[in-house]
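Novice:
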Amino acid sequence: METILTPPAPFCFDQNTTNITTGALSENWNKWSNGFKIYFEACELSKKSSTIQVNILLHIIGEQCRDLYAQFNTKCTTVDEILEKFKNYFQQKKNLTVERHKFFIRNQDENESIEQYVYELKKLAMTCEFGDLCNSLIKDRLVCGILNNGIRERLLREADLTLEKAVNICQAVVVSKMYSEKICTEHRNTVSKINNYDSNQEDVCKIESRRNRNGHRVQYTSSAVRGSGRGGFVGRAGHTTNNVPRALVPGGANSYRGRTVSSYENINCNKCGMQHPRNSCPAYGKQCGRCTRMNHFSRMCNVFRIVDSDEKASNNIDNDLQSDITEAIRSLTVKNELTDSHFIALQKETELDKDLQKLKQYIVKGWPFDKCRVELNIKPYWNYRHELSEACGLLWRGNRIIIPKNLRREMLTKLHFAHLGFEKCLLRAKELLFWPELNNQLRNLIDNCQTCLTFRKNNSKEELRPHEIPSEPWVKVGMDLFYFNGINYLLIVDYHSKFIETIELVSTLSDSIIKHLKNTFSRLGIPQIVVSDCGPQFISNEFRKFAREWCFNHVTTSPRYPQSNGQSERAVQIVKNIMKKSMHSKSDYRLALLEYLNTPISENLPSPAEILQSRKLRSILPVVRCLHPSSGLIKRELIRRQRIYKQYYDRNAKKLATLSVGQPVKIKDQNNNKWISGTITKQLRERSYEIKLSSGNIIVRNRRHMIADSLQKHRKTNVNSYDSYADYDDVCPTETHTTLNSAPGVDTSVPCNNGINADCDRYYVTRFGRTVRPPDRWGY
Numbered sequence: 001m002e003t004i005l006t007p008p009a010p011f012c013f014d015q016n017t018t019n020i021t022t023g024a025l026s027e028n029w030n031k032w033s034n035g036f037k038i039y040f041e042a043c044e045l046s047k048k049s050s051t052i053q054v055n056i057l058l059h060i061i062g063e064q065c066r067d068l069y070a071q072f073n074t075k076c077t078t079v080d081e082i083l084e085k086f087k088n089y090f091q092q093k094k095n096l097t098v099e100r101h102k103f104f105i106r107n108q109d110e111n112e113s114i115e116q117y118v119y120e121l122k123k124l125a126m127t128c129e130f131g132d133l134c135n136s137l138i139k140d141r142l143v144c145g146i147l148n149n150g151i152r153e154r155l156l157r158e159a160d161l162t163l164e165k166a167v168n169i170c171q172a173v174v175v176s177k178m179y180s181e182k183i184c185t186e187h188r189n190t191v192s193k194i195n196n197y198d199s200n201q202e203d204v205c206k207i208e209s210r211r212n213r214n215g216h217r218v219q220y221t222s223s224a225v226r227g228s229g230r231g232g233f234v235g236r237a238g239h240t241t242n243n244v245p246r247a248l249v250p251g252g253a254n255s256y257r258g259r260t261v262s263s264y265e266n267i268n269c270n271k272c273g274m275q276h277p278r279n280s281c282p283a284y285g286k287q288c289g290r291c292t293r294m295n296h297f298s299r300m301c302n303v304f305r306i307v308d309s310d311e312k313a314s315n316n317i318d319n320d321l322q323s324d325i326t327e328a329i330r331s332l333t334v335k336n337e338l339t340d341s342h343f344i345a346l347q348k349e350t351e352l353d354k355d356l357q358k359l360k361q362y363i364v365k366g367w368p369f370d371k372c373r374v375e376l377n378i379k380p381y382w383n384y385r386h387e388l389s390e391a392c393g394l395l396w397r398g399n400r401i402i403i404p405k406n407l408r409r410e411m412l413t414k415l416h417f418a419h420l421g422f423e424k425c426l427l428r429a430k431e432l433l434f435w436p437e438l439n440n441q442l443r444n445l446i447d448n449c450q451t452c453l454t455f456r457k458n459n460s461k462e463e464l465r466p467h468e469i470p471s472e473p474w475v476k477v478g479m480d481l482f483y484f485n486g487i488n489y490l491l492i493v494d495y496h497s498k499f500i501e502t503i504e505l506v507s508t509l510s511d512s513i514i515k516h517l518k519n520t521f522s523r524l525g526i527p528q529i530v531v532s533d534c535g536p537q538f539i540s541n542e543f544r545k546f547a548r549e550w551c552f553n554h555v556t557t558s559p560r561y562p563q564s565n566g567q568s569e570r571a572v573q574i575v576k577n578i579m580k581k582s583m584h585s586k587s588d589y590r591l592a593l594l595e596y597l598n599t600p601i602s603e604n605l606p607s608p609a610e611i612l613q614s615r616k617l618r619s620i621l622p623v624v625r626c627l628h629p630s631s632g633l634i635k636r637e638l639i640r641r642q643r644i645y646k647q648y649y650d651r652n653a654k655k656l657a658t659l660s661v662g663q664p665v666k667i668k669d670q671n672n673n674k675w676i677s678g679t680i681t682k683q684l685r686e687r688s689y690e691i692k693l694s695s696g697n698i699i700v701r702n703r704r705h706m707i708a709d710s711l712q713k714h715r716k717t718n719v720n721s722y723d724s725y726a727d728y729d730d731v732c733p734t735e736t737h738t739t740l741n742s743a744p745g746v747d748t749s750v751p752c753n754n755g756i757n758a759d760c761d762r763y764y765v766t767r768f769g770r771t772v773r774p775p776d777r778w779g780y
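If you number the sequence shown the way the UniProt record's numbering does, the last residue is 780 and the count never jumps.
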């Protein structure tokens with residue numbers, strides 16, 4: 001028997017761990033082991049001794065496995081032990097969770113049959129250890145993973161579904177679908193049959209008239225024939241006519257050579273929604289129930305019902321009426337946020353308020369048809385007359401209580417108790433309270449709140465007002481002190497040429513600074529204007545004397561506002577960066593500063609040294625002599641650059657209201673980030689003011705650090721200011737203002753007499769020039 005059967009081929013494997021982890025090696029070993037067991041039983045090798053059996057196995061298994069067997073620590077005496085050894089070596093370590101995951105995500109492939117899919121599921125279930133639930137889970141996976149939704153729906157309709165029954169249903173559906181497609185294919189390929197074809201007859205194609213033909217199309221050839229009759233196709237003997245069919249095709253002509261032609265094809269009709277032969281539509285002659293048109297059923301109608309405009313308007317009127325009725329019913333059960341004490345106090349004050357009692361009479365007895373017949377004090381309620389009602393001794397506008405006049409100040413104070421903004425307080429008021437001019441009075445209260453002003457946000461930036469560029473170098477210079485690496489420096493920069501001078505200081509006193517300025521001015525000339533901050537070195541008596549003796553105008557910028565001395569601050573930033581980089585590279589910063597002075601400012605501007613001294617300074621780089629730059633061209637280019645800077649800066653800027661001398665203001669305290677009170681005593685420049693604080697100190701601040709203290713102004717004029725028109729943020733009083741052409745420190749305000757002080761306070765001019773005058777008939 002051993003000579004008849006061919007033993008299995010030697011088992012060859014790759015000793016690569018990647019193949020072991022993929023599972024392919026384990027599967028190949030199982031296949032080879034099963035093949036060897038079949039050969040072992042067929043050749044009746046079990047009758048031989050165990051030694052012969054082991055040697056036959058080692059001979060068949062191949063050289064690679066024999067080398068591997070030699071590496072085993074223990075020697076095996078039976079075939080089963082050897083096979084078990086190799087199985088443990090080749091077998092992949094099974095992860096039950098992974099095997100079940102593979103099973104539950106296995107779906108049917110695109111071209112995979114039902115039998116093949118079930119086979120693959122059973123194969124995967126063998127390693128999942130499902131036990132008694134194996135067939136049930138395979139059946140569930142079959143239902144979930146099958147591609148055909150129709151088959152899945154058919155399986156889900158079965159109550160007691162088993163695996164065998166599910167497979168039979170799937171096979172039956174597939175077979176029936178296959179036969180159905182075959183029948184349809186044969187039907188589409190059916191050729192119309194011709195009765196008693198005679199080749200001797202003349203080739204004539206009979207084309208019926210449009211009324212009787214069934215719409216089948218004709219396949220044409222290039223043969224010329226004689227037509228007859230009055231049909232859709234007309235041809236006469238001896239004339240060349242249109243091409244006619246030489247062979248019939250599905251849906252072709254129903255007459256050929258005068259013989260009857262029959263066609264068996266059905267169509268999907270879009271008039272009735274069914275399949276039937278042509279000219280046999282059951283919808284022909286029927287009227288549609290949706291659009292009232294003929295020859296189609298309503299289920300195939302493409303016209304949708306459109307509601308007429310009259311009907312829509314009627315529906316909207318009914319809905320609005322129903323909404324108004326239900327709103328009135330719902331308002332009866334609304335619970336207002338009122339305690340008993342509030343309720344009693346409001347009732348008493350409502351009874352004492354004459355205006356509200358008159359309003360109550362109008363609500364109860366009815367309103368006149370004309371507004372002119374309403375009393376003056378009640379006219380503000382005219383626009384809300386349809387919303388007003390009376391209940392529980394109070395007057396209501398919807399769900400909001402109309403507050404008597406004596407309690408309005410108290411209610412405004414309670415609305416602003418948390419010091420929220422105007423929008424928040426207004427939303428709260430709209431839920432509970434109402435009276436005319438509530439919004440304006442609430443805004444007036446919030447704008448005059450001292451607490452809110454104290455913790456108000458900073459002002460937005462104003463439009464950029466750049467320094468005027470001088471026509472010549474060293475006419476206007478700026479200077480500033482800065483500190484770097486333990487040393488104080490004095491920096492001088494020219495506004496025209498951007499030339500920078502840096503001087504190391506031993507002392508920051510006025511005498512030391514004046515000494516270095518004299519050395520610089522004696523070497524480069526005395527400028528006309530010197531700009532600095534308000535440091536104690538520059539506002540001392542010694543420096544004022546120095547400015548008078550050397551005949552230059554000393555201009556100081558606003559304290560706490562370094563932007564006004566921006567040219568010097570920018571120069572300080574440049575010099576500090578040069579010093580930092582020079583210190584890091586262990587080089588002399590003076591040499592680096594010399595290279596900066598020889599570098600052109602831009603593509604259209606020469607270097608600062610060329611603009612100031614009309615030459616390039618000798619440095620470590622070669623110097624080429626050039627023509628002297630034109631100062632006129634330089635000024636135009638500097639003005640163009642300045643205009644571009646201003647354009648970008650002003651995009652988010654806002655113009656602040658002008659303040660006048662004697663006006664109460666609040667100043668930003670940089671130490672604790674609060675606003676403190678003061679009064680303007682002098683206007684130094686357009687945006688620079690001298691303020692006297694409540695403590696008696698006099699300081700100078702920029703307009704950006706100041707806001708108008710409107711509360712103190714109203715205390716002087718009208719105690720009951722809560723009852724007047726509100727002071728909006730964009731409104732400034734006309735009683736005092738300083739013109740741009742007036743001299744600094746001169747008060748150009750027009751004082752009001754005490755007798756008409758209240759009238760002056762009532763009128764305001766908005767930023768757009770409109771004067772606000774509250775009407776006198778309201779009694780405000």
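Heads up, the beta-carbon is just placed ideally off N, CA and C, and yes, glycines get one too. The model shown is predicted, which means the values in this text are computed figures rather than measured ones.
#1: Run through DSSP, which three-state label would F369 get?
#2: Is DSSP giving Q683 helix, strand or coil here?
#3: Under the three-state reduction of DSSP, which class applies to V719: helix, strand or coil?
#4: To the nearest angstrom, how far is the alpha carbon of L147 from that of I56?
#5: Cα separation between E468 and L638?
#6: Among the candidates G62, P8, G145, S540, whose CA atom is the shortest distance from the CA of K37?
#7: For the beta strand (DSSP E) containing residue 781, list its first residue and its last residue.
#8: Terminal residues of the continuous beta strand (DSSP E) containing N702?
#9: Looking only at DSSP bridge pairs, what is G678 linked to?
#10: Roughly how many angstroms separate the alpha carbons of G366 and K358, rounded to a whole number?
#11: Just to confirm the assignment: which complete alpha helix (DSSP H) runs, minimum length 4, are found wholly within the stretch 401-486?
#12: Measure the Cβ-Cβ separation of K102 and L124 and say whether it is below 7 Å.
#13: Quick one: what's L491 bridged to in DSSP?
#14: Would A283 be called buried (16 or more neighbouring beta carbons within 10 Å of its own) or exposed?
#15: CB-CB under 8 Å to E110, same chain, minus the five flanking residues each way: which ones, in chain order?
#16: With DSSP collapsed to three states, give me the class of S389.
#17: Please determine, among T97, D511, T51, Y89, the residue with the shortest C-alpha to C-alpha distance to V79.
#18: Using 7 Å as the threshold, is the C-beta distance between S49 and L83 below it?
#19: What are the start and end residues of the alpha helix (DSSP H) that includes S568?
#20: Within this structure, are the beta carbons of G145 and Q108 separated by less than 7 Å?
#21: Within the same chain, show all residues whose beta-carbon is closer than 6 Å to that of C301, passing over the 5 residues directly before and after it, in chain order.
#22: Looking only at its own chain, which residues have a Cβ that is under 8 Å from the Cβ of L593, when we skip the five neighbours before and after it?
#23: Please classify R643 as buried or exposed, where buried requires at least 16 neighbouring CB atoms within 10 angstroms.
#24: Determine the extent of the alpha helix (DSSP H) in which R100 is found, giving its start and end residues.
#25: Quick one: grab the DSSP three-state call for M294.
#26: Are the CB atoms of I487 and M479 within a distance shorter than 7 Å?
#27: Are the stretch 127-134 and the stretch 173-180 touching, with three or more C-beta to C-beta distances below 8 Å?
#28: If you draw a straight line from the alpha carbon of Q347 to that of V661, how long is it in whole angstroms?
#29: Where does the unbroken beta strand (DSSP E) through residue 783 begin, and where does it stop?
#30: Is V530 helix, strand or coil when you go by DSSP?
#31: Whole angstroms are fine: how far does the CA of I699 sit from the CA of L693?
#32: Could you give the C-beta distance for L396 and L388, rounded to a whole number, given that I count them as a contact under 8 Å?
#33: Return the chain-ordered list of same chain residues with a C-beta closer than 8 Å to the C-beta of Q537, the five sequence neighbours on each side being excluded.
#34: Report the rounded CA-to-CA distance for L464 versus D353, giving the unit in angstroms.
#35: Hey, quick one: how far does the alpha helix (DSSP H) through I707 stretch, first residue to last?
#36: Considering Cα atoms alone, identify which of D494, T520, K498 is closest to E504.
Specialist: In terms of the structure at hand:
#1: Three-state result, F369: coil.
#2: Strand.
#3: For V719, the predicted model reports a pLDDT of 36, less than 50, meaning its position is unreliable; a value from the coordinates is still stated below. Three-state result, V719: coil.
#4: Those two C-alpha atoms are separated by around 49 Å.
#5: Each residue's Cα considered, the two are about 10 Å apart.
#6: Looking at the Cα atoms, P8 is the closest of the given residues.
#7: Since the first residue of the chain shown is 1 and the last is 780, residue 781 is not available in this structure.
#8: Where N702 is concerned, the enclosing beta strand (DSSP E) stretches over 698-702.
#9: According to DSSP, G678 bridges with V665, L693.
#10: Distance between the alpha carbons of G366 and K358: 11 Å.
#11: DSSP runs (the alpha helix (DSSP H)) wholly in the stretch 401-486: 408-415, 422-432, 438-447, 450-454.
#12: Against a cut-off of 7 Å, the Cβ pair of L124 and K102 comes out as a contact.
#13: BP columns for L491 point to D480, T502.
#14: Flag for A283 reads buried.
#15: Counting only Cβ-Cβ distances below 8 Å, and skipping sequence neighbours, we find L147.
#16: Strand, per DSSP.
#17: For the residues T97, D511, T51, Y89, the minimum Cα distance to V79 belongs to T51.
#18: Cβ atoms of S49 and L83: not closer than 7 Å.
#19: In the DSSP assignment, S568 falls within the alpha helix (DSSP H) that extends over 566-585.
#20: The criterion of a C-beta distance shorter than 7 Å is satisfied by G145 and Q108.
#21: The answer, listed in chain order, is C288, R290, C291.
#22: Within the same chain, L593 has close Cβ partners I500, T502, V575, I578.
#23: Of the other Cβ atoms in all chains shown, fewer than 16 fall within 10 Å of the Cβ of R643; this residue is therefore exposed.
#24: Unbroken alpha helix (DSSP H) run through R100: 96-104.
#25: Three-state DSSP puts M294 in a strand.
#26: For the 7 Å CB-CB criterion, M479 and I487 do not form a contact.
#27: These segments do not touch.
#28: In this structure, the CA atom of Q347 is about 49 Å from the CA atom of V661.
#29: Any question about residue 783 goes unanswered here, given that the chain covers just 1 to 780.
#30: In this structure, V530 counts as strand in the three-state DSSP scheme.
#31: Cα-Cα distance, rounded: 8 Å.
#32: As written in the sequence, residue 396 is Trp, which differs from the Leu given in the question. Going by Cβ atoms, the distance from W396 to L388 rounds to 7 Å, so yes, they are a contact pair.
#33: Within the same chain, Q537 has close Cβ partners L481, T508, L509, S510, I513, F543.
#34: One C-alpha to the other measures close to 55 Å.
#35: Unbroken run through I707 is the beta strand (DSSP E), 706-708; no alpha helix (DSSP H).
#36: For the residues D494, T520, K498, the minimum Cα distance to E504 belongs to T520.
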